[in-house]
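**Student:** In this note's numbering, the protein residues as written are 46 to 542.
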RNA sequence: GGGCCGUUAGCUCAGUUUGGUAGAGCAGCGGACUUUUAAUCCGUUGGUCGCGAGUUCGAUUCUCGCACGGCCCA
């Protein structure tokens, strides 16, 4: 956008603003008493015939943004938009106070208007508010995007989300649904006697996930702090403290690339349940999603980007290795030696570093070969211990852990496991992570001695799970990009407009 | 970080292939119009064609670089 350019549209609006002020009109008055919203009006009067509507002698005050106007010399139809929808109003010069029509003539699409009047039906049967009085509530100095095509430029939609929300009703619907989804999740867990808690966003040791953190600094304490990559280690400290069922819905921050399914800050649900196992959490997760779908859509099947996803339980459960072999077409030898896995990954043109472990390469193979195939909800189990430093080992096979990841629509949605509560094993796992970090793995985890100390005091057998809320919202709103479900997605800084 | 595509009026888009500084619709402005629905009719304003450099008599157009965005890959 050019700098220093004077738009004639802005000049026109400034002229109008000055004229309005000269007439004694306050461009930005405080408040306005509203009697009814547009959807309430339509609910109450929309079905009435004209005669019945005429019996309704009350007048009502409404307010909203002018979205369209059709002028006829001494009269005008406008559409005003409020939080619930839009409604038409009819302004006639002979029905409003003498000075108000000239004021109305100086008002524009985009201005906020307050109208008091009576409802009637037009010839075409549209419920319309016939103005008896009107007020300017806020002057708009910029012209809104075009009424027919609206705003489609994705960059502007993300950078100026307010315009997107004004112009694209479906965008608003997504965020209304997002809010409802989170509300329902909250109620689901509160109903099951979970306690909602808030744990630190700023951590001196960033733990709980394999991810690179953002770094910041506290001036007074003179110390580095990291934005959390996960709340996990704090939530489990609370389980040690006797809060046997806790959950948190909050932001995590990961200093990684931005993509159609990654935003540097994203919303995570994590919950921990003492005495439960990861098998119990499978059932709980099935129940949670079916509760959500039932509340939102009244059915257990949804369409996501042209694919049908059926949430009816029970969901498929398959181990990582079985899935790789049966769905990914990987041969048994791949599981026997790292060299075989590495050779196969190269063959498939899947990039990996020589430093990566056998388990890391296997999970990479899984990401490329199997993950896109998992459309219906699928629990993948049996993850290698080396890629699960906070999970309890499987009793039959200590090389794998009691863990599942949940995939829906070809994407990872949740991650859950029996929590490692053996302090000696946990210390050892941290030490392995530190060794990886020293060897250059920037995503490897840090030693958290206090967390080990907490485990030394004793943590009950516990299972925990994290669910990516943005991805759930994407699924349930049929949104292709995470940016469509985050109000203000991260963008590169741009010069001031 | 790499590849491909895009950036023209407030908004939605043409145009540039074959270089000669740009068009439409909506919005705006002036006029007519007291039941319209993308109202209609008449007239009309508005653009350093993302930024910078190169080639050229001349670049919005060709070349290179940069910025921002989208998709794919990492």
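By construction, the Cβ of each residue, glycine as well, lies at the ideal position given by its N, Cα and C atoms.
#1: Only counting the same chain, and skipping five residues up and downstream in sequence, which positions put a Cβ closer than 6 angstroms to that of residue 327?
#2: So within the segment 161 to 204, which uninterrupted alpha helix (DSSP H) runs reach at least 4 residues, ignoring any that extend past its ends?
#3: Taking just the CA atoms, how far does residue 365 sit from residue 215?
#4: In chain order, what are the residue ranges of uninterrupted alpha helix (DSSP H) at least 4 long that sit wholly in the segment 460 to 494?
#5: Just list the alpha helix (DSSP H) runs in the segment 280 to 363, keeping only unbroken ones of 4 residues or longer that don't cross its boundaries, in chain order.
#6: Using DSSP with H/G/I as helix, E/B as strand and the rest coil, what is residue 251?
#7: Taking the CB atoms as reference points, tell me whether residue 58 and residue 148 lie closer together than 7 angstroms.
#8: Put residue 274 into one of helix, strand or coil per three-state DSSP.
#9: In angstroms, rounded to a whole number, what distance separates the CA positions of residue 521 and residue 144?
#10: Per DSSP, what kind of secondary structure is residue 90 in: helix, strand or coil?
#11: So the candidates are 155, 102, 177 and 111; which of them puts its Cα closest to the Cα of residue 27?
#12: May I ask you to list the residues that DSSP assigns as paired with residue 113?
#13: So, helix, strand or coil for residue 542, using DSSP?
#14: Would you kindly check if the distance between the Cβ of residue 308 and the Cβ of residue 535 is under 7 angstroms?
#15: Closer than 6 angstroms by C-beta to residue 91: which residues in its own chain qualify, once you throw out the five before and the five after it? Chain order, please.
#16: Evaluate residue 75 with the Cβ neighbour count: other Cβ atoms within 10 Å of its Cβ, from every protein chain shown; 16 or more gives buried, anything less gives exposed.
#17: Using the beta-carbon count (16 or more within 10 Å), is residue 71 buried or exposed?
#18: How is the alpha helix (DSSP H) around residue 451 delimited, first residue to last?
#19: Any contact of the segment 238 to 252 with the segment 405 to 425, i.e. 3+ C-beta pairs under 8 angstroms?
#20: Using only the alpha-carbon positions, how far apart do residue 102 and residue 124 sit?
#21: Counting only the same chain and skipping the five closest in sequence on each side, list residues whose C-beta sits under 8 angstroms from that of residue 345.
#22: Examine the Cβ distances between the segment 200 to 214 and the segment 492 to 500 and report whether three or more of them are shorter than 8 angstroms.
#23: What distance in whole Å lies between the Cβ atoms of residue 108 and residue 77, which are believed to be in contact at a cut-off of 8 angstroms?
#24: From residue 541 to residue 312, what does the alpha carbon distance come to, in whole angstroms?
**Tutor:** If we stick to the structure as given:
#1: 424
#2: 199 to 204
#3: 38 angstroms
#4: 468 to 483
#5: 323 to 342
#6: coil
#7: Result no, Cβ atoms of residue 58 and residue 148 do not sit closer than 7 angstroms.
#8: coil
#9: 51 angstroms
#10: Correct three-state label for residue 90: helix.
#11: Because the chain in this structure spans residues 46 to 542, residue 27 falls outside the shown range and cannot be described.
#12: In DSSP, residue 113 forms a bridge with 124.
#13: For residue 542, the pLDDT reaches just 40, beneath the cut-off of 50, and the residue's location in the model is therefore unreliable, although a value from the coordinates is still provided. The answer is coil: DSSP assigns residue 542 none of H, G, I, E or B.
#14: A contact, by the Cβ cut-off of 7 angstroms.
#15: 172
#16: With fewer than 16 Cβ atoms within 10 Å of its Cβ, residue 75 is classed as exposed.
#17: Exposed, since its Cβ has fewer than 16 Cβ neighbours within 10 Å.
#18: Element bounds for residue 451: not the alpha helix (DSSP H) but the beta strand (DSSP E), 448 to 453.
#19: no
#20: Cα to Cα, the separation comes out at about 23 angstroms.
#21: 335, 338, 339, 355, 356 and 357
#22: The answer is no - the segment 492 to 500 does not touch the segment 200 to 214, with fewer than three Cβ pairs under 8 angstroms.
#23: 5 angstroms
#24: Per-residue confidence for residue 541 stands at a pLDDT of 49, beneath the threshold of 50, marking its modelled position as unreliable; the derived number appears in the next sentence. Their backbone Cα atoms lie some 29 angstroms apart in a straight line.
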